[in-house]
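So that you can map any letter, position 157 of the sequence shown is 156 in numbering that gives the first Met the number 0, and since no number is skipped, the others follow by simple counting. Okay, so here's the structure we're looking at.
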Amino acid sequence: MLLKKGQLKIRQIEDKESDYRQIAKWLTDKRVLEFYGGRTNPQYLSKVKRKYSPRVLGKNKIVPCFFSYNNKEIGYIQYYPVIKAKDYELDDTNGIWAVDMYIGEVEYWNKGIGPQVLKMITDHIFKKLQGKKVVTDPHVDNPRAIRAYEKAGFKKIKILKNHEQHEGKKVDSWLMESSLY
């Protein structure tokens, strides 16, 4: 167990079939893909294993986690130190971490869970990992995600033009940050 607060728990994903299957289940759901990854890019089990096993095995800096509510795993969150400042149009990367998340069980959307999970992770980054800032980059046309990040203390900094490929086209994202200070 990585973190626990009330009915919420966050744990690192393990190198086991059931964990990879859980990711594949969510990343083949068109309702989830509309906002995370794109409906034109479903992630079936073999692709999930190829993409996520290096993360799970600690071969790169991304820390992949599941979060659960009332003992049911309902979503994915990852955090990692920012290595390339240009990825987020930053001046430097010292003490800066990034976070990405989605709630894979759509019946848990709009329940206020996302901001709580984000707050748990940002607190962990600030207190345990000595992070100074945490950044994220939701698409500008994803108001639910933007609201969740704002409720967790993130502020809009600037629009990152043509930041990410999504469903066959380049889309703009908000650079958002939460700061220790």
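We put the CB at the ideal spot given by N, CA and C, even for glycine.
Residues of the same chain with a CB within less than 8 Å of the CB of V81, apart from the 5 flanking positions on each side, are Y87, L89, T92, I95, W96, A97 and V134 in chain order. Fully contained in the region 74 to 107 is no alpha helix (DSSP H) run of length 4 or more. Between W173 and K155 the beta-carbon gap is near 5 Å, inside 8 Å, which marks them as a contact. About 6 Å separates the CB atoms of Y107 and Y68; that is less than 8 Å, so the two are in contact.
In the DSSP annotation of this structure, D136 is not part of any alpha helix (DSSP H), being labelled neither H nor E. Residue nearest to L2 within the set Y19, R54 and C64 is C64 (criterion: CA-CA distance). Taking the Cα positions, I158 is about 22 Å away from L179. Burial is judged here by how many other beta carbons sit within 10 angstroms of a residue's own beta carbon; A84 has fewer than 16 and is exposed. By the neighbour-count criterion, in which a residue is buried when 16 or more other Cβ atoms sit within 10 angstroms of its Cβ, L117 is buried. Under the three-state reduction of DSSP, R38 is assigned to coil, being neither helix nor strand. Between E104 and the set L56, V62 and K71, the nearest pair of CA atoms involves K71. The C-beta of D136 has 16 or more other C-beta atoms within 10 Å across all chains shown, which makes the residue buried. DSSP lists F65 as the bridge partner or partners of R10.
About 5 Å separates the Cβ atoms of V55 and D14, confirming a contact at the 8 Å cut-off.
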